[in-house]
Amino acid sequence: MVFRTDNFTLFRFIAPIPRSMPVQTPLHVSGISSRARLSARAALSPSCAQTITPDCLQALYNIPSTSATAAGNSIAITAYGNEVASVTDLQNFLTSQRPDAKTGASIFSVQSVDNATQVPDVGTGEASLDVQYIVGLATDVPTTLVSVGSTNNGAITIDKFIDSIEFLLQQDTPPLVLSTSYTFNEVSDSDPEFAQYARRLCDMYGQLGARGTSVIFASGDSGVAGSFLGKPANCTNSAFVPAFPATCPYVTSVGGTQGIKPEVAAPFTSGGFSNLFPRPDYQKDAVGGYLKALGDTHSGRFNVSGRAFPDVSAQGVNFLINVTGRNILSSGTSASAPTFASIVALLNDELLNEGKSPLGFLNPLLYAKGAAAFNDITTGSNPGCGTDGFPAQPGWDPVTGLGTPDYDKLLTVVSGHPAPHYDNSASTSVPASVLYLFLAFALWLGV
């Protein structure tokens with residue numbers, strides 16, 4: 298059986314909170330890109346150390362708040378077990394946290410697979426988290442929730458994953474980004490039926506990647522002891538338990554972090570090495586360096602030649618969401634995955650507006666050229682199985698991957714030119730020095 302990677306027993310009901318900073322209308326000056334902004338990290342609110350909201354993530358990771366505009370851009374979320382998102386809850390969330398964003402009835406669309414039950418405007422936890430943060434971060438990127446039904450006894454099984462990906466592969470134009478926050482405990486070939494299904498599903502994710510879809514997965518929430526927060530595998534004195542599909546080499550697996558100054562590994566974040574999939578060439582150098590530094594630690598408890606995960610990471614603790622009209626806090630890599638997926642969707646928007654192809658399968662690019670575009674997380678570990686788990690170290694590690702993203706640096710990597718803070722192609726006779734003075738004066742006035 299598959300489990301969601303969030304833990305709703307940890308939810309705390311809290312009173313609605315105001316945005317930590319006043320909303321400012323974007324300043325438009327001739328000759329300056331519509332995405333121009335000051336360094337976002339300078340605007341980080343102290344409240345972000347306790348509660349994560351979209352403006353916290355925008356500040357931490359330099360995510361632009363301006364609207365996406367490219368034709369053909371898209372992002373989808375797969376949600377299993379009849380998970381649904383409420384338009385009313387999303388509107389409440391956006392009104393509170395992104396009052397500058399659109400809040401119409403068509404904010405996102407829903408597609409149903411395997412007779413998923415849709416209760417009109419009644420949201421559930423996982424779908425609400427995914428939709429609210431993708432819509433709240435990937436501003437105006439067309440968003441679709443693919444809601445997948447469960448079996449007659451309510452179980453979510455791997456065949457439901459296969460059904461949902463077959464559904465997407467049958468589309469003429471699959472979504473350019475696919476975010477999923479569900480995982481299984483990966484088993485070895487000792488369970489041949491699971492192994493067969495897992496390899497088939499992984500190949501299907503590879504087909505999506507080849508067609509231009511970036512497939513993003515939460516890494517799981519029980520450290521080296523499996524995928525589900527609060528229900529670790531019984532693995533004391535035995536092998537560590539990786540999480541699938543996070544171990545599929547064709548997906549980008551996202552681990553979790555917490556804290557602001559400094560940002561450190563969240564102790565629940567799953568990571569390690571696959572028992573089913575060999576290590577792909579694109580990560581051999583990065584992972585080899587980590588294994589050399591690790592030495593004999595945990596020798597014999599993991600597959601040293603397996604596909605290593607996660608690939609990247611993002612914040613995953615105390616995300617504010619709105620469910621059935623109430624503000625609650627959610628933690629888990631199921632918050633980290635949609636955060637990173639939103640960044641990918643915005644990168645695609647820049648590429649499409651330049652007439653370039655979307656990113657598609659991300660990992661070879663990230664490992665070959667992207668390491669410097671991530672904030673290296675070097676503190677923390679992912680305990681489990683009676684151990685402290687793997688330690689975070691400089692460079693890639695099986696706790697936080699390459700680190701947390703910096704949108705501007707990633708844009709430079711994927712586009713081949715610096716992030717367009719200023720549009721030099723726009724015709725203007727105003728000297729750059731005057732524009733800088735204008736911006737400084739506007740900030741002094743509090744515009």
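Residue numbers (the numbering used here): 298 to 744. All C-beta atoms, glycine included, are put in the ideal place defined by N, C-alpha and C.
Check: Which of helix, strand or coil DSSP assigns to S409; Outcome: strand
Check: Other residues of its chain near P688: CB distance less than 6 Å, five sequence neighbours each side excluded; Outcome: S678
Check: Residue span of the beta strand (DSSP E) that contains N624, given as start and end; Outcome: R623 to S627
Check: Within 9 Å, strictly: CB atoms of F606 and A540; Outcome: yes
Check: Bridge-paired residues (DSSP) for P575; Outcome: G603
Check: Coarse secondary structure for A723, derived from DSSP in three states; Outcome: With a pLDDT of 33 at A723, under the threshold of 50, the predicted position of this residue should be treated as unreliable, and no value is reported.
Check: Which listed residue (Q429, N672 and N370) has its alpha carbon closest to that of F390; Outcome: Q429
Check: Cross-strand partners of T684 (DSSP beta bridge); Outcome: G681
Check: Chain-order list of residues whose beta-carbon lies under 7 Å from that of G603 (same chain, five-residue window excluded); Outcome: F570, S571, N572, F574, P575 and R576
Check: First through last residue of the beta strand (DSSP E) which encompasses G553; Outcome: T549 to Q555
Check: Residue of L644, A611 and T441 minimising C-alpha distance to A424; Outcome: T441
Check: CA nearest to the CA of G683, picked from T533, V696, P655 and C545; Outcome: T533
Check: Neighbourhood of N482 by C-beta distance below 7 Å, restricted to the same chain and skipping five residues each side; Outcome: G523, S524, A530, V538 and A540
Check: Among G506, L617, D469 and P343, the one whose alpha carbon lies nearest that of P655; Outcome: G506
Check: V384 to G622 span [Cα, whole Å]; Outcome: 11 Å
Check: Whole runs of the alpha helix (DSSP H) within the region 332-407, excluding any shorter than 4 residues; Outcome: 351-358 and 384-394
Check: Per-residue burial, A543 [other beta carbons within 10 Å of its own, 16 or more giving buried]; Outcome: buried
Check: Neighbourhood of A295 by C-beta, 6 Å cutoff - its chain only, sequence neighbours within 5 removed; Outcome: As shown, the chain starts at 298 and ends at 744. That puts residue 295 outside it, with no answer to give.
Check: DSSP state of Q493 mapped onto helix, strand, coil; Outcome: helix
Check: Selected residue, minimal CA-CA separation from A583, among V474, P715, V614 and N660; Outcome: N660
Check: Cβ-Cβ separation, L649 to N379 (assumed contact under 8 Å), whole Å; Outcome: Contact doesn't hold; Cβ gap of about 33 Å is too wide.
Check: Identity of the residues DSSP links to G698 by a beta bridge; Outcome: D694
Check: Exposure label - D694; buried when at least 16 CB within 10 Å; Outcome: buried
Check: C545 versus V609 - alpha carbon distance; Outcome: 14 Å
Check: Outcome for V620 when other beta-carbon atoms lying within 10 angstroms are tallied against a minimum of 16; Outcome: buried
Check: Where F637 sits in the DSSP three-state scheme; Outcome: helix
Check: Neighbourhood of T709 by C-beta, 8 Å cutoff - its chain only, sequence neighbours within 5 removed; Outcome: A670, P715 and A716
Check: Alpha helix (DSSP H) segment containing T709, residue limits; Outcome: Y704 to S712
Check: Helix, strand or coil at N531 according to DSSP, with G and I counted as helix; Outcome: coil
Check: Assigned secondary structure, S567 (DSSP; H/G/I helix, E/B strand, else coil); Outcome: coil
Check: Three-state secondary structure assigned by DSSP to L659; Outcome: coil
Check: Check: E423 C-beta below 8 Å from any heavy atom of the ligand ATP; Outcome: In the structure on display, the ligand ATP does not appear, and there are no ligands present to speak of.
Check: G553, buried or exposed, once every other Cβ within 10 Å from all chains shown has been counted against 16; Outcome: buried
Check: Beta-carbon gap between E560 and N672 smaller than 9 Å; Outcome: yes
Check: Counted within 10 angstroms of its Cβ, other Cβ atoms place G700 as buried (16 or more) or exposed; Outcome: buried
Check: Distance between beta carbons of M501 and L466, contact taken as under 8 Å; Outcome: 7 Å
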